[in-house]
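> Sharing a structure with you now.
Residue numbers (the working numbering): -4 to 433.
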């Protein structure tokens, strides 16, 4: 009998959506937890310190999970790790949805933080490795759009859930349970990354397990000059940019109420008005992510964000300057910040270290943000101009790295990656060329 025809290659857009839902679930967990803890407060007897510890634990465990998950994805495969992490996420959200005491909230936050932290770098690697060469940047940018959709959905649900007390908190987490179960089912149909498999075969690794070279030799490459520069540049860029972004996201409501004497409801209206602009920016970036025009859009996004951070420093924290900060950074983030960091992390890092490097840089950024968050409230109330000046300085430093340092990296990184695309039967993405470095 003739051999059956080979199975058709998977639809890369389907892979990008199913794997990229990690960003949706991450955003959903952060936004839902911020509201759910307040709703649980009177029923589970949570004080301010408990709410702060649970929130911090979620961020800390994300960092630990990213560090471990990125490395496990490089050693044992993308598909296997993505299945295990989503199972853990499902368990964690079930704990949070059914919490009967603070201990269950602590346990749920730990499991959710570890699982989504481990999932994110591996999911991004799978998206890039399964995408066609001309669409790699575009498909990575899709994860940013899914992040925005996760924030929007969780925020809309939160506006309804606040009317139902602890039942509303359970509904918020129940939404994440349902979405995680659907995504887990869809992920079982994904194949292993062809590029990752080919890179392992090139190193002589069998299916029995990771070779010693993959376990130790690959890690030693992190200290080699080309890859160490990439690790430092992308890690510093993301961490510095994230300090301002985390301040806006985690303390935006606090700053608005404390510094302008306006209500949270008025800020919610402003956030809703900014959503279409932020989504439009992400859609535009998806169109240019694999073209040389990406450089100009990155510059424009960087300048918009810098303008937003500069206004409260120059004119003080007024309703106008804080509203402008919200809008300008939301638009600028569509072309810079985490959006560009994710693309760079795929283009500049060898396949067998892609998850590891992202895990290290994500963990560093989240831990630094968590440390800065400790002093943010006191700075905001004691010397708000100093807080906004620091955020502007962080954004300026990130801009210098993104505009002047990272464009010099692709040629160096190509020395490590030049044979892997051929081994995987894939050409190097045009966006990874030095001329289109950003």
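Virtual Cβ for every residue (Gly too), placed ideally from N, Cα, C.
Bear in mind the structure is a predicted one, so any value in this text is a computation, not a measurement.
If you measure between the beta carbons of residue 12 and residue 77, is that distance less than 7 Å?
Taking the chain shown and counting its residues from 1, one reaches residue 12 at position 17. Taking the chain shown and counting its residues from 1, one reaches residue 77 at position 82. No, the Cβ-Cβ distance between residue 12 and residue 77 is not below 7 Å.
> In whole angstroms, what separates the C-alpha of residue 237 from that of residue 332?
One-based indexing of the chain shown puts residue 237 at position 242. One-based indexing of the chain shown puts residue 332 at position 337. Each residue's alpha carbon lies about 7 Å from the other.
> State whether the region 30 to 40 contacts the region 316 to 324, with contact taken as three or more CB pairs (one from each stretch) at a distance under 8 Å.
No, because fewer than three Cβ pairs between the region 30 to 40 and the region 316 to 324 fall closer than 8 Å, the two stretches do not touch.
> Where in the region 46 to 94 do unbroken runs of the alpha helix (DSSP H), each at least 4 residues long, occur, reported from the N-terminal end onward?
Those alpha helix (DSSP H) runs which fall completely within the region 46 to 94 and span 4+ residues are 73 to 92.
> Quick check: the Cα distance between residue 186 and residue 348, rounded to an integer number of angstroms?
Along the chain shown, read from residue 1 onward, the residue named residue 186 stands at position 191. Along the chain shown, read from residue 1 onward, the residue named residue 348 stands at position 353. The alpha-carbon atoms of residue 186 and residue 348 are separated by roughly 20 Å.
> Should residue 56 be labelled buried (16 or more other beta-carbon atoms within 10 Å of its own) or exposed?
Counting from 1 along the chain shown, the entry for residue 56 is found at position 61. The residue in question, residue 56, is buried, as its Cβ has 16 or more Cβ neighbours within 10 Å.
> Residue 110 and residue 148 - do their beta-carbons sit closer together than 7 Å?
Taking the chain shown and counting its residues from 1, the one referred to as residue 148 is at position 153. Taking the chain shown and counting its residues from 1, the one referred to as residue 110 is at position 115. The answer is no: Cβ separation not under 7 Å.
> Give the straight-line distance between the Cα atoms of residue 306 and residue 195, rounded to the nearest whole angstrom.
Numbered from 1 along the chain shown, position 311 holds the residue referred to as residue 306. Numbered from 1 along the chain shown, position 200 holds the residue referred to as residue 195. Those two C-alpha atoms are separated by around 50 Å.
> Would you identify the three-state DSSP class for residue 131, choosing helix, strand or coil?
In the chain shown, residue 131 corresponds to position 136, counting from 1. Helix, per DSSP.
> Could you have a look at residue 249 and say whether DSSP puts it in helix, strand or coil?
Along the chain shown, read from residue 1 onward, the residue named residue 249 stands at position 254. Note: residue 249 maps to helix in three-state DSSP.
> Can you tell me where the alpha helix (DSSP H) holding residue 100 begins and where it ends?
Translated into positions along the chain shown, residue 100 becomes position 105. That run of the alpha helix (DSSP H) goes 97 to 125.
> Please identify the residue among 54, 256, 8 and 284 whose C-alpha is closest to the C-alpha of residue 361.
Sequence index remark: in the chain shown, residue 361 carries index 366 (1-based). With distances taken between Cα atoms, residue 361 lies closest to 54.
> From this set, 136, 104, 107 and 87, which residue's C-alpha is nearest residue 276's C-alpha?
On the chain shown, position 281 is the one that residue 276 refers to. Out of 136, 104, 107 and 87, 136 has the C-alpha closest to the C-alpha of residue 276.
> Return helix, strand or coil for residue 13, following the three-state DSSP convention.
On the chain shown, position 18 is the one that residue 13 refers to. Residue 13: helix per DSSP, three-state reduction.
> When you compare each of 26, 58 and 50 to residue 156 by their alpha carbons, which one comes out closest?
The residue labelled residue 156 in the question sits at position 161 within the chain shown. Among 26, 58 and 50, the Cα nearest to that of residue 156 is on 26.
> Classify residue 434 as helix, strand or coil using the three-state DSSP reduction.
Because the chain in this structure spans residues -4 to 433, residue 434 falls outside the shown range and cannot be described.
> So what's residue 361 in DSSP terms, helix, strand or just coil?
The residue labelled residue 361 in the question sits at position 366 within the chain shown. Three-state DSSP puts residue 361 in a helix.
> Please state whether the Cβ-Cβ distance between residue 341 and residue 14 is less than 7 Å.
As a position in the chain shown, residue 341 is number 346, starting the count at 1. As a position in the chain shown, residue 14 is number 19, starting the count at 1. No; because the gap between Cβ atoms is not below 7 Å, this pair is not in contact.
> Between which residues of its own chain and residue 356 is the CB-CB distance below 8 Å, once the five residues before and five after are set aside?
In the chain shown, the residue the question calls residue 356 occupies position 361. If we look at residue 356 and ignore the five residues flanking it on each side, its Cβ neighbours are 226, 229, 230, 233, 234, 336 and 340.
> Measure the Cβ-Cβ separation of residue 381 and residue 239 and say whether it is below 7 Å.
The count along the chain shown starts at 1 and reaches residue 381 at position 386. The count along the chain shown starts at 1 and reaches residue 239 at position 244. Cβ atoms of residue 381 and residue 239: not closer than 7 Å.
> Report the three-state DSSP secondary structure of residue 257 (helix, strand or coil).
Translated into positions along the chain shown, residue 257 becomes position 262. Coil at residue 257, not helix or strand.
> Answer with buried or exposed for residue 386, where buried requires no fewer than 16 other C-beta atoms within 10 angstroms of its C-beta.
Locating residue 386 in the chain shown gives position 391, counting from the first residue. Classification of residue 386: buried, given that the 10 Å Cβ count is 16 or more.
> Rounded to a whole number of angstroms, what is the C-alpha to C-alpha distance between residue 96 and residue 120?
Stepping through the chain shown from its first residue, residue 96 is reached at position 101. Stepping through the chain shown from its first residue, residue 120 is reached at position 125. Answer to the nearest angstrom: the Cα atoms are 37 Å apart.
> Please list, in chain order, all residues of the same chain as residue 91 whose beta carbon is under 6 Å from its beta carbon, the five residues on each side excluded.
Start at 1 with the first residue of the chain shown, and residue 91 comes out as number 96. Counting only Cβ-Cβ distances below 6 Å, and skipping sequence neighbours, we find 103 and 168.
> Figure out for me which residue from 256, 176, 242 and 292 has the closest Cα to the Cα of residue 397.
As a working mapping, residue 397 is identified with position 402 in the chain shown. When each option's Cα is compared against that of residue 397, the closest is 292.
> Span of the alpha helix (DSSP H) holding residue 297?
In the chain shown, residue 297 corresponds to position 302, counting from 1. Start and end: 289 to 310.
> If distances are taken between C-alpha atoms only, which option among 301, 261 and 19 comes closest to residue 393?
Taking the first residue of the chain shown as 1, we reach residue 393 at position 398. Taking only the C-alpha atoms, the option nearest residue 393 is 301.
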